[in-house]
Amino acid sequence: IRDAQESRGLGDVYKRQLGCSLTHVLTASGLTKSFGPRTLFTNVSLQLGPSRRIALIGSNGTGKTTLLEILAGLQETDAGEIHKQQEMKIGYLPQELKASKGKNVLEEVLSGSADTNQLATQLKRLSSELEKASVENKSELISEFGEAQSRFEQIGGYAIEAEAHRLLSGLGFKTHDHNRDIGELSGGWQMRVALPRLLLTKPDLLVLDEPTNHLDVDSVAWLETYLGKWNNGLLFVSHDRDFIDGIANRIIEISGGRATEYTGSFGDFVVAREERIEYQKSLASQQAKEIAGTEKFIERFRYKASKAKQVQSRVKPLEKLEKIEIETEENAKTNFNFPEPRRSSRIVVEFEEVQAGYENQMILEDLSFTIERGRNVAVIGPNGAGKTTLVRLITGELEQTRGKIFRGKNVDMSWFDQLQAEILDPKKTVLGELRTVPQVDESGRNLRTYLASFGFRGDSVDSLVSDLSGGEQTRLALAKALCMPVNLLILDEPTNNLDLKTILWLEEFLLKFKNTDIVVSHNRHFLDTVCTNIVDIDFQKIQLFT
């Protein structure tokens, strides 16, 4: 993936050392949050401040977003306290935003710099008043203007618009897009506007919930470099291991309702967590032996009067003993087998000088390439370059305006896109939604066992879709897409909203999938793991890497 980026001249991404606040620290202690009978987490304590870049990880539904909102002041905690300076500025980027309109893109980004805008307005007013002022009044106005101008220069006011343009360009906006009405943009692109607007406020603590979800590979690389230089406090949720490794110097994992902090990168976290679990196992084993010995003594001398005092001295401590719990990995396992699909022809899909687009805008032109049976193909490129258009051409949802598309014989296809999670029936249960897939009940498989592989275990298969988190809904949509045997699998951004454990499961599944798959994703580690071929689309140009 990085080779493909370098081939398009994207090796030198925007780098800039950011200012650092030395005083603003947020300390949380004993945070606990429940929804009804379900406790998300308990007794969470952490410290956020300068140079602490913390990645928050955990399975879908463990309360990561809830914790972010509590820290950002958008939700109340059931117990615990948060201490911070009153003037501490917290910038929060949620996963989804309300649609905006009425401003152009640049104006919306610049609105994030409130102090600069206020001083700019003041300077404009003072300049106007100076032109009209009498000689006697000019001295005081000149002094006020000088002070305002000095503050404006100190906070980089004259460079703020250039900064806004650089931020927008780094996140994939073309120069002519900077003056577009924000209301014309899709939800994903509006999220891209919200990010530079937030960065321009230069908050003392930056809190980001899945910031890479709406970014392409190049923009993710840019943001990784930018945040890697962030010197104020940073707390972010992400399931992209390369992104975490490039930014975080600490990891906090929420698991089993508890939060555990690790120092170092994601790679350091993996090693430290394994060591922690092994140590827990050792302590638990030693404790189990001691308990067994105590219970044996109690049982042996329970009815012996001469030993009654010794027995009682052991019974009470044993009743109060808190057993050591071992953190367990709840990774979904690829522990089921799909019925073998029929064999497709050698050529699965072939494009010859294909042109396609929407209305009067051509997205792809003179597109020619071949995908053969058994290939694992990654499709990458900037947003808007035509990745989803390519997928729609392959699936037949979109007709080309010129050229030929050959689909091979005996090609059985299944595809997943982000919209599939949005069209689940909120009134159905998890199991009921799976049963909407044609012929799934006749497949001969235990559907509950199948759903367990996607993290839906026990009674959770009877949960309503409306009660699932965003990541859980994505997992269910994936379960529907993968439940029938196919020899061509197409996945468009499958890792968005998925937790690391489910991404690992999907990686394992695709590595075992011996047929043809085409994957559109911005998750570089995921693509590097599962794909051996790359189709790089860059606005009507295409390159193949093998």
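Using our numbering, read the sequence shown as starting at 1205 and increasing by one per residue. For glycine and all other residues, C-beta sits at the position ideal for the given N, C-alpha and C.
- Item | Inter-stretch contact at 8 Å, needing at least 3 Cβ pairs: the segment 1405-1413 / the segment 1437-1451 | yes
- Task: Starting from the C-beta of residue 1236, find all residues in its chain whose C-beta is less than 8 Å away, skip the five residues before and the five after it, and write them out in chain order.
- Result: Sequence index remark: in the sequence shown, residue 1236 carries index 32 (1-based). Correct list, in chain order: 1243, 1245, 1246, 1247, 1248, 1281, 1282, 1283 and 1284.
- Task: Quick one: using the 10 Å Cβ neighbour count with 16 as the cut-off for buried, is residue 1614 buried or exposed?
- Result: In the sequence shown, residue 1614 corresponds to position 410, counting from 1. Its Cβ having fewer than 16 others within 10 Å, residue 1614 is exposed.
- Is the Cβ-Cβ distance between residue 1448 and residue 1470 less than 7 Å? Translated into the one-based positions of the sequence shown, residue 1448 becomes position 244. Translated into the one-based positions of the sequence shown, residue 1470 becomes position 266. Yes; because the gap between Cβ atoms is below 7 Å, this pair is in contact.
- Cβ atoms of residue 1405 and residue 1306: under 7 Å apart, would you say? The sequence position of residue 1306 within the sequence shown is 102, counting from 1. The sequence position of residue 1405 within the sequence shown is 201, counting from 1. No.
- Please report how far the alpha carbon of residue 1310 lies from the alpha carbon of residue 1579, in whole angstroms. As a working mapping, residue 1310 is identified with position 106 in the sequence shown. As a working mapping, residue 1579 is identified with position 375 in the sequence shown. So the alpha carbons of these two residues sit roughly 42 Å apart.
- Task: List in chain order: all unbroken beta strand (DSSP E) runs of 3+ residues lying wholly within the segment 1459-1512.
- Result: 1462-1467
- According to the neighbour-count rule (16 or more other Cβ atoms, all chains shown, within 10 Å of its Cβ), is residue 1210 buried or exposed? For this step, residue 1210 is matched to residue 6 along the sequence shown. Confidence at residue 1210 is low in this model, with a pLDDT of 49, below 50, so its placement is unreliable and no value can be given for it.
- Own chain residues within Cβ distance below 8 Å of residue 1506, not counting five before or after: As a position in the sequence shown, residue 1506 is number 302, starting the count at 1. Closer than 8 Å at the Cβ level, and outside the excluded window around residue 1506, lie 1515.
- With 16 other Cβ atoms within 10 Å as the buried cut-off, status of residue 1241: For the purposes of this step, residue 1241 is taken as residue 37 along the sequence shown, with counting starting at 1. Exposed, since its Cβ has fewer than 16 Cβ neighbours within 10 Å.
- If you draw a straight line from the alpha carbon of residue 1555 to that of residue 1576, how long is it in whole angstroms? In the sequence shown, counting from the first residue as 1, residue 1555 sits at position 351. In the sequence shown, counting from the first residue as 1, residue 1576 sits at position 372. Those two C-alpha atoms are separated by around 12 Å.
- Report the partner residues of residue 1692 according to the DSSP bridge assignment. Taking the first residue of the sequence shown as position 1, residue 1692 is located at position 488. Residue 1692 is bridged to 1617 and 1720.
- Any idea which residues DSSP pairs residue 1551 with across the strands? On the sequence shown, position 347 is the one that residue 1551 refers to. The partner list for residue 1551 (beta bridge, DSSP) reads 1576.
- Starting from residue 1740, follow the alpha helix (DSSP H) in both directions and report where the run begins and ends. Here residue 1740 refers to the residue found at position 536 of the sequence shown. It is not in any alpha helix (DSSP H) - residue 1740 instead sits in the beta strand (DSSP E) that spans 1737-1741.
- Message: Just to confirm the assignment, what range does the alpha helix (DSSP H) spanning residue 1311 have?
- Response: On the sequence shown, residue 1311 is found 107 positions in, with the first residue counted as 1. Per DSSP, residue 1311 belongs to the alpha helix (DSSP H) from 1309-1314.
- Task: State yes or no: is the C-beta of residue 1675 within less than 7 Å of the C-beta of residue 1264?
- Result: Position 471 of the sequence shown, counting from 1, holds the residue named residue 1675. Position 60 of the sequence shown, counting from 1, holds the residue named residue 1264. Yes, the Cβ-Cβ distance between residue 1675 and residue 1264 is below 7 Å.
- Task: Compare the Cα-Cα distances from residue 1654 to each of 1259, 1627 and 1709 and report the closest residue.
- Result: If you number the sequence shown from 1, residue 1654 lands on position 450. Nearest option by C-alpha distance: 1709.
- Task: Decide if the segment 1459-1479 is in contact with the segment 1255-1272; the criterion is three or more beta carbon pairs, one per stretch, under 8 Å apart.
- Result: yes
- Task: Please classify residue 1681: does DSSP put it in a helix, a strand, or coil?
- Result: Residue 1681 sits at position 477 when you count from the first residue of the sequence shown. Three-state DSSP puts residue 1681 in a helix.
- Item | Extent of the continuous beta strand (DSSP E) to which residue 1248 belongs | Working through the sequence shown from its first residue, we reach residue 1248 at position 44. Note, residue 1248: beta strand (DSSP E), 1242-1252.
- Query: Near residue 1734, what residues of its chain come up, given a Cβ to Cβ distance below 7 Å and the 5 sequence neighbours on each side ignored?
  - Reply: Counting from 1 along the sequence shown, the entry for residue 1734 is found at position 530. So the qualifying residues of the chain are 1580, 1711, 1714, 1715 and 1723.
- Rounded C-alpha distance that separates residue 1498 from residue 1487: Counting from 1 along the sequence shown, the entry for residue 1498 is found at position 294. Counting from 1 along the sequence shown, the entry for residue 1487 is found at position 283. Cα to Cα, residue 1498 sits roughly 16 Å from residue 1487.
- Query: Which whole-angstrom value describes the C-beta separation of residue 1257 and residue 1393, a residue pair presumed to lie in contact below a C-beta threshold of 8 Å?
  - Reply: The residue you call residue 1257 lines up with position 53 of the sequence shown. The residue you call residue 1393 lines up with position 189 of the sequence shown. Not quite, the Cβ-Cβ distance comes to about 26 Å (not below 8 Å), so this is no contact.
- Message: Would residue 1618 pass as an interface residue toward chain C - the criterion being a Cβ-Cβ separation below 7 Å?
- Response: Among the chains in the structure shown there is no chain C, since it carries only a single protein chain.
- Message: Pull the bridge partners of residue 1608 from the DSSP assignment, please.
- Response: Counted from its first residue, the sequence shown places residue 1608 at position 404. Answer is 1556.
- Message: Here's a check: name, in chain order, each residue in its chain whose Cβ is nearer than 8 Å to the Cβ of residue 1223, leaving out the five neighbours to either side.
- Response: The count along the sequence shown starts at 1 and reaches residue 1223 at position 19. Unreliable placement is indicated for residue 1223, whose pLDDT of 43 sits below 50; the coordinate value is still reported in the next sentence. Around residue 1223: 1406, 1435 and 1436.
- Item | Residue environment, residue 1372, which counts as buried when at least 16 other CB atoms sit within 10 Å | Within the sequence shown, numbered from 1, the residue matching residue 1372 stands at position 168. Buried, by the Cβ-count rule.
- Query: How should residue 1352 be labelled, buried or exposed, when 16 other C-beta atoms within 10 angstroms of its C-beta is the threshold for buried?
  - Reply: Walking along the sequence shown from the start, residue 1352 turns up at place 148. Per the 10 Å Cβ criterion, buried.
- With a threshold of 16 other CB atoms inside 10 Å of the CB of residue 1239, please say whether the residue is buried or exposed. Residue mapping note: residue 1239 aligns to position 35 of the sequence shown, counting from 1. Under this definition residue 1239 is an exposed residue.
- Message: Once the 5 residues before and after residue 1466 are set aside, which same chain residues still bring their CB inside 8 Å of it?
- Response: On the sequence shown, position 262 is the one that residue 1466 refers to. Closer than 8 Å at the Cβ level, and outside the excluded window around residue 1466, lie 1454, 1455, 1456, 1457, 1472, 1473, 1476 and 1477.
- Message: Looking at the strands, I want to know which residues DSSP matches up with residue 1287.
- Response: In the sequence shown, residue 1287 corresponds to position 83, counting from 1. Paired residues: 1231.
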